[in-house]
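**Student:**
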Amino acid sequence: MRSISLITLFFSYTAADAAEKVVFNRDVRPILSKNCFACHGFDANKREAELRLDERESAIGKAESGKAAIVPGKPELSELWHRINSTDPDDIMPPPKHHAPLGPKEIEVLRRWIEQGAEYQGHWAFVRPESPPIPAQAVEGGNAIDAFVQQKHKEKQLTFAAEADRGTLLRRVSLDLTGLPPSPEQVQAFVADTRPQAYEEAVDRLLASPQFGERMALPWLDAARYADTNGYSIDGGRHAWLWRDWVIKAFNDNMPYDQFLIKQLAGDLLPRATDADLIATAFQRNHSITHEGGTIPEENLTNYAADRVKTYGEAVIGLTMACAQCHDHKYDPITQKDYYQIFAFFNRLDDIGLDGNGGNNARPAMHAMTPLTTPQEVEKVKVDLAQAEAEMAADNAEQQARWEKQQRDMHVQRGKDFAVQPCEILGATTPNGSPDRLKVMPDQSLEIHGGDFAAYTVSTKLPAAMKTINGVRVIFEPSAHAKNAIGYTGGTFVMTTVNVAATGFPAGNVDPNAPYPLKRITASDQRAGFPVVALWSSDPRTGWSPAGGAQPQHVTLTFAKPLDVASLPYLTAELVFNYAGSQNPGKLRVLAFTGETDDSELPADVWAALQVETAQRTPEQAARLSQYFREFSDERAPVRHRVVNLRERLHVLTHKHSVLVMNESKQPRKTHILERGVYSSPLAEVQPNTPAFLPALNKPNATRLDLAQWTVSRDHPLTARVAVNRLWEIAFGRGLSTSTADFGSQGVWPTHPELLDWMAVHFIERGWNVKEMLKLIVMSRTYRQSSHTTREMLESDPLNEFYARGPRFRLGAEAIRDQALAVSGLLVDRIGGPSVKIYQPGDLWRAVSHYGSTPATAQTFVQDHGEKLYRRSLYTYWKRTLPPTSLATFDAPNREVCTVGRTNTNTPLQALVLLNDPQFVEAARHFAVRMLRQGGADDRSRLLYGFRAVTAREAKEKEIALLESALREEQAKFQGKTPLARDFLTIGESPVTEVFPLEQQAAWTAVAQLLLNLSETITRN
Amino acid sequence: MSQDYFTRRAFLGTSSAAMGQLALASLLGQESASAASHELMRTFAPKAKRVICLFQSGGPSHVDLFDGKPSLQKYHGQNLPDSVRGGQRVTGMTSGQSSFPVVQPIAGGKLCGPGQVYISDLLPWTQKIAGEICVIRSMHTEAINHDPAITLANTGSMQLGNASAGAWISYGLGTDNSNLPAFMVLVSQGTGKNPGQPIFSRLWGSGFLPSEHQGVLLRGGAEPVLYLDNPNGIAREHRRAQLDSLAAMNQQFGESSGDAETFARIQQYEMAFRMQASVPELTDLSDESPETFELYGKESRKPGTYAANCLLARRLAERGVRFIQLFHRGWDQHIAITKQLPAQCRDTDQPSAALIMDLKRRGLLDDTLVIWGAEFGRTVYSQGALGSPVAGRDHHGRCFSIWLAGGGIKGGVVHGETDDFAWNITRDPVHLRDLHATMLHQLGLNHDRFVYPYRGLDQKLVGVEPAHVVKAILA
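Just so you know, the protein sequences line up as chains A and B, in that order. Numbering follows my numbering, with no gaps: position 880 of the first sequence is 880. Every position in the second sequence, counted from 1, becomes a number in my numbering once 1021 is added.
1. Tell me the residue span of the alpha helix (DSSP H) that contains residue 686 of chain A.
2. So which of A/160, A/896, A/153 and A/128 has the shortest CA-CA distance to residue 1023 of chain A?
3. Along the chain, where does the alpha helix (DSSP H) that runs through residue 847 of chain A open and close?
4. Return the residue from the list A/989, A/152 and A/755 that minimises the CA-CA distance to residue 804 of chain A.
5. Can you pull the chain A residues whose beta carbon is under 8 Å from the beta carbon of residue 1237 of chain B, in chain order?
6. List the residues of chain A that residue 1477 of chain B touches, going by C-beta distances under 7 Å, in chain order.
7. Mind checking whether residue 179 of chain A and residue 205 of chain A have CB atoms under 9 Å apart?
8. Indicate whether at least one CB of chain B lies closer than 9 Å to the CB of residue 82 of chain A.
9. Against chain B, does residue 707 of chain A count as a neighbour if the rule is that its beta carbon must be under 9 Å from one of theirs?
10. Who are residue 585 of chain A's beta bridge partners in DSSP?
11. If you check the beta carbons only, do residue 524 of chain A and residue 546 of chain A fall under 9 Å apart?
12. Quick one: complete beta strand (DSSP E) runs, 3+ long, within the stretch 35–75 of chain A?
13. What is the rounded straight-line gap between the Cα of residue 333 of chain A and the Cα of residue 317 of chain A?
14. Does the beta-carbon distance from residue 285 of chain A to residue 832 of chain A come in below 9 Å?
15. Using a Cβ-Cβ cut-off of less than 7 Å, list which residues of the stretch 841–865 of chain A approach chain B; keep chain order.
16. If you follow the beta strand (DSSP E) that residue 470 of chain A is in, where does it begin and where does it stop?
17. Hey, does residue 232 of chain A have any beta-carbon neighbour from chain B nearer than 9 Å?
18. Please report the distance separating the alpha-carbon of residue 68 of chain A from that of residue 1478 of chain B.
19. Report the neighbours of residue 1341 of chain B on chain A: residues whose CB is nearer than 7 Å to its CB, in chain order.
20. Taking only beta-carbon atoms, is residue 1161 of chain B less than 9 Å away from chain A?
21. Going by C-alpha to C-alpha distance, which of B/1189, B/1234 and B/1303 sits closest to residue 1464 of chain B?
22. Excluding five sequence neighbours on each side, which residues of the same chain lie with their C-beta closer than 7 Å to the C-beta of residue 1051 of chain B?
23. Does the beta carbon of residue 430 of chain A sit closer than 9 Å to a beta carbon anywhere in chain B?
24. Taking only the alpha-carbon atoms, compute the straight-line gap between residue 100 of chain A and residue 1390 of chain B and give it to the nearest angstrom.
25. Nearest by alpha-carbon distance to residue 1452 of chain B: which of B/1139, B/1159 and B/1071 is it?
26. Helix, strand or coil, according to DSSP, for residue 1096 of chain B in the structure here?
27. Within the 9 Å Cβ cut-off, does residue 294 of chain A reach chain B?
28. Between which residues of its own chain and residue 647 of chain A is the CB-CB distance below 8 Å, once the five residues before and five after are set aside?
29. Under the assumption that residue 249 of chain A contacts residue 371 of chain A (Cβ atoms under 8 Å), give the Cβ distance between them as a whole number of angstroms.
30. Hey, residue 1170 of chain B and residue 1396 of chain B are a contact pair by Cβ (cut 8 Å); roughly how many whole angstroms apart?
31. Which of helix, strand or coil does DSSP assign to residue 839 of chain A?
32. Along the beta strand (DSSP E) that carries residue 572 of chain A, what are the first and last residues, could you check?
33. In whole angstroms, what is the alpha-carbon distance linking residue 1271 of chain B and residue 1008 of chain A?
34. So for residue 1421 of chain B, helix, strand or coil by DSSP?
35. Do the stretch 1194–1202 of chain B and the stretch 1140–1151 of chain B touch if we need at least three Cβ pairs shorter than 8 Å?
36. Can you give me the C-alpha to C-alpha distance between residue 839 of chain A and residue 868 of chain A, rounded to a whole angstrom?
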């Protein structure tokens, strides 16, 4: 992307040859805007010499000096002409201090423009779009779009390329309209279907598919800065997904685009507003919200309203308004007053400046049903859930026996040679409150006096008398200051998680990236619902808790490998107690041990039952053991995940959920112009109104609804142009104007202005019909061309601005992952619902967050399981301060602010994700099995099948030969190496099929990785 | 059609990750009308080739560390005069306090080196490098809370959505080492306040710049760069063979389709493969001498600590990484400053000083600009009751202290001055944007001309307000 800005300047089509008439908007305005308007433009405060070059009247009138800047037809009499050609540093324009002299071409354009009469035009995007006539010469097999494109072809001596081959075309349109590739079967059927209407039928099918809404939602989520966390520093969790689901449904229902905007800008003000209308207004609540203590509420509220203006400007009407927060816009006729009039519309909510902590939505918020719920899915989920629960409840004697044996084996040496010695506590810290809350007592215990969301870091010296130790034990004791119980407030405590580090020096903390690895976590006791195994997870919603009272209790950490005390004599333990806020112990001590621990992962009664021969167990013992096995064994994890996920899904579909919305306060805040944009420097009060240079609103006491309706009025020059430009971008990878969010003076002149206007008017006249407009685009001959590129094409049109070949670009982050899931068969096509946490290395959140010091949620990464690992990528949980790593690597934005259009880079880190991310390795494994199962009987046909799945075309003979040779190499690598194959195949949580030999599966998985990594696979041709 | 042709085109496309904007502009030569204006960005020979930024996240107390003075003892316990505090807004955490008693530095300090630089006794190692560093006591920022302040310090603006300093420099200058990213980030957690204020990827993000310029996290522990390790079961030579097959397939596609990006992608896979060797070589400290570990302190042997990260910073500098940024958390001493601040100093003092000494003895300090700094300082007045063990200091943006070393900056000097209360600047104010301008200047970039057009504006790291290179501190 970087170099586009460099080359557009060179290649952009100015009126280069002298014969051609200079067009003000195309040729002159960009030069004046870039070089002159800052001092001779809209900003009255910065205007020099009383000269405006943005208005003809001022430019040809007498300036302060008494001379006219421009004398139409006479460059040599024009002061401007002399100034731009001057060599005197006092006279030359632009002044040398701007370091941006005009180039010879620019000077030449200005000369010819003055010569030809110095005609001005209103900025193209600020005048009402009128439908230009469709060029008379029709294009065979094409539509109106093609007639406009052909007209430009003629100017440039270009012609349409041949149509793309059918498989490539189907893949292109499938990815563009649904974000998913066609299946190999769909490709074959389409290629075989030679009927003329086959393509149109495919387009109709794709537009009608539920995946259309998901794909269309994606760029809108970027623009609307949708995320699952609040952003800013603490970045706690929020619930916003109902809005995302509303967007998906709106696209699937083909809601007219004007309604789409009205509801999102002012759904709450519509007469008889439905819940869905209210949900829509979350669009302007998606901004970041802070709950950082110490921030000033008025300042925060100003930031929120400013963000709403920015987003409205860039996403809806294609204007960058943010400059005018502090001063009159330098390039566009937006005054500071205009800015705050728009601001006023969005500054009347009942929101407060410090809100949204603890996982609660910042007000205003409401509870509503998801717009996506259907009775069919509810019924289906109920059936699936009943089946999963039955499976969960079912005994499996064979599995259970295997598990029982594992448990007994693990405990066979229980307590053997067990010996403890105390560790010397050197110090302890906690982030909040008085340091005296933690007291190291003379008897080497640590006394704890209360504290919320607390992580205690205890630094100890290991007993030198022990040469190697196998682990440590933390003993919790009753204490007088804690009502003689083990819990600080009496009773018990809940521990969330634990980490230890061993060091050669006294260390004050444990790096979450490099803890000393543990093998087992066991305890003296565990209460129902608070199992000791919960300590493996940092999730603050789960924890370990022993029986309360005066009886000491302990937790024991057995190291993965014995620790040599001489080389690592210090141990730091991080003990976290942030379950539901405040569930602290009163007193603890730390012991090191040798031998085998004498406690257990298992509750006492389960252990007791396990000791009894199967046949001898009481019915209660048998039931307890079976229940425990079902609830905790690894073997049962898949079905457990299924049950949990289905229960949650049922709840999602049948209950109301929270979402942030907009409303109108009964006592709305007043809006003032703010001096330099600073919240505490109010100037004159302003009322809600629209900018003066756009069509007048003419409405006293205007509301957000008035703004919304004005935005989509027929006279509005921007909204429809911006919308169709973005639809074009979906199909061509770039807009007709490439500055999709900036249609102002600094925006990029469209390559086909007549086409853009024709489409904008057509769009409005056809009722803002999104599906129809997209269909028109993808049915065009322009769209259907082959993207095959020759050297000559690159010379004549390097960026494909004139469409003499088909568009080609790398897939977006989400499409790359979704495609891998789709071709592997792992993709779960459920639509909507709460966002999901996919595979991500380590706990990246915790390393930068406030975990252990705050009630905010989303401070620690807890990965989801089961079907949630295979949902479409737009459902991935979006934490703004650390967006999903694999997607961010492929240019997904962090969604802190409105993003219209992503960059599209090509980096080594992308290679590492595609090659090594468990998500893609696991997908390759399933893709391999698919090739083996569905690709036919021999290697060749299986490879052809796989190649077709990722490219939608037939492999060439040379490609097949390369794939066959790669397969032979992989077979050789795994030949006779079952353990190696197993290592490779057990990546990802889905079970490994036993149908094919592991060595064969591994070789094919490696080939599947090759296919998923092909440049062609991640490119849409 | 030759591959060379497409490779050249690929530079014009999207994929010149390793190449800076300036290099690219000169490569394009006559082909680009704007190359000339890009040349304008660079007007002088750079003094620094790279930057190491030691970012002390949370706001270290300038009052205690670098701006101690006898007047503070004199006024200890007295209320900060209203005339000094002026209309200065304070955060919601202390705005409700009824009094604002002045607290003298919690530890002594001394004037060090020939330049008589005041440095706290909490920083004995920093005292030893007093002759190498330039302490700026007159830094200031408008922000008074962490998020806007740290965002301003790292991206040049309090608003969200801008590019970080490292990303800007990656964009401008690229990298000298095609086996490592141009911009690498290391995060550690201090022992004073654990956990410290959160930090966020925005601070090393690319904002509106292409995302290839975002900082790459280098973590302690097993997989220092995300997704670096091959899957289980795939050894390095096995991967080599796989990449050869992949390259052959991609070559085939690139030639038949004319897709320049595909040829660039082949190169990116090769760089990924090289990174799989160069990163472990980078993070493997076994070739460091015992004496070096001694210099950086014992903690330098433990991955993920500030000390280990300082040592890694030197290794990154040696390998030509352009922008190396450490974030050390835990400097937010609202409470228990007498306990927390010494702990933060113990974490960072020796390694920071060791880094300067180590760079110097290896001849790297001359062309490496080292910046030790933060988003703001702390109030001279007590947050909480004077003398209480729970008492601390609140955020303070009107003045704070940082230090610079190497990269053409004068050593052994103090720049700027504050009043008797270390509250207001009395001489030579330096805004964060001036610091950014100075940093760019040392790298040979003009802060006003080094721009990126986005959303209708020529965006700059220093923002829209005038910024000034701090000429007085240049060697």
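For every residue, glycine included, the Cβ atom is placed at its ideal position computed from N, Cα and C.
**Tutor:** Inspection of the coordinates gives the following:
1. Careful: residue 686 of chain A lies outside any alpha helix (DSSP H), inside the beta strand (DSSP E) at 682–686.
2. With chain A covering only 1 through 1021, there is no way to say anything about residue 1023 of chain A.
3. 844–848
4. A/152
5. 909
6. 320, 331, 742, 744, 746 and 747
7. no
8. no
9. no
10. A/487
11. yes
12. none
13. 14 Å
14. no
15. 841, 847, 848, 849, 850, 851, 852 and 853
16. 468–476
17. yes
18. 29 Å
19. None at all; the shortest Cβ gap to chain A is about 16 Å.
20. no
21. B/1189
22. Because residue 1051 of chain B carries a pLDDT of 30, less than 50, the predicted location of this residue cannot be relied on, and the following value inherits that uncertainty. If we look at residue 1051 of chain B and ignore the five residues flanking it on each side, it has no Cβ neighbours.
23. yes
24. 29 Å
25. B/1159
26. helix
27. yes
28. 385
29. 5 Å
30. 4 Å
31. coil
32. 570–577
33. 15 Å
34. strand
35. no
36. 10 Å
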